[in-house]
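To convert, note that position 21 of the sequence shown is 20 in numbering that gives the first Met the number 0; the numbers rise steadily by one, no gaps.
In this text, a Cβ means the ideal position worked out from N, Cα and C, and glycines have one as well.
This one's a predicted model, so the numbers in the text were calculated from it and none came from an experiment.
Just below is one structure, and these are the notes that go with it.
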Amino acid sequence: MSSKNSVSSDILDSPMYQLYLTSDGEPFASCSGGTEPCAGAQLAVVAEESSVHDKTLIRLTRKINQLLAEAAKKQKDRDLELIHVGDQVLLAWTSPYKPPVGARAIQGVSEIKRLLTVKPRSNPHASDQ
């Protein structure tokens, strides 16, 4: 299988995040089960441009990181994170705290996508085919 078609690590493989369903039916995302601070949403920044990450992507990365930082500043007791859910990346509010009593850990990418109503990926090259 080519790396272009390989599936990203999912949220279950990450020691950083766990999704829960609270007793009142609300999803709750916790960083490290409430044992460590959340990392914070930020795209990777490169030191030098290349054919993989050129000037356009460097500028776009800078703008996206500024937007993420602005959104995160407006929240108290929640952290903005980029998390893998199967073959997709989700922007999500997470908590550095332990889940509420009675919350049930959600297992499996399909169950996570169903709970969060994640839409299927669109094919950006669909018009090329």
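6 Å Cβ shell around leucine 89 - same chain, five flanking residues per side excluded: Ile82
Just to confirm before moving on: does the CB-CB distance between alanine 71 and alanine 43 stay below 8 Å? no
Classify lysine 62: buried if its beta carbon has 16 or more other beta carbons within 10 angstroms, exposed otherwise. exposed
Taking just the CA atoms, how far does aspartate 78 sit from arginine 58? 24 Å
Residue from Gly85, Leu66, Tyr19, Ala91 with nearest C-alpha to serine 109: A check of alpha carbon separations from serine 109 across Gly85, Leu66, Tyr19, Ala91 identifies Gly85 as the nearest.
Asparagine 64 versus aspartate 23: straight-line alpha-carbon distance, rounded: 33 Å
Note the first and the last residue of the continuous alpha helix (DSSP H) segment covering isoleucine 82. Note, isoleucine 82: premise wrong, no alpha helix (DSSP H); beta strand (DSSP E) at 78–84.
Opening and closing residue of the alpha helix (DSSP H) in which leucine 115 lies: That residue, leucine 115, is in no alpha helix (DSSP H); it is neither H nor E in DSSP.
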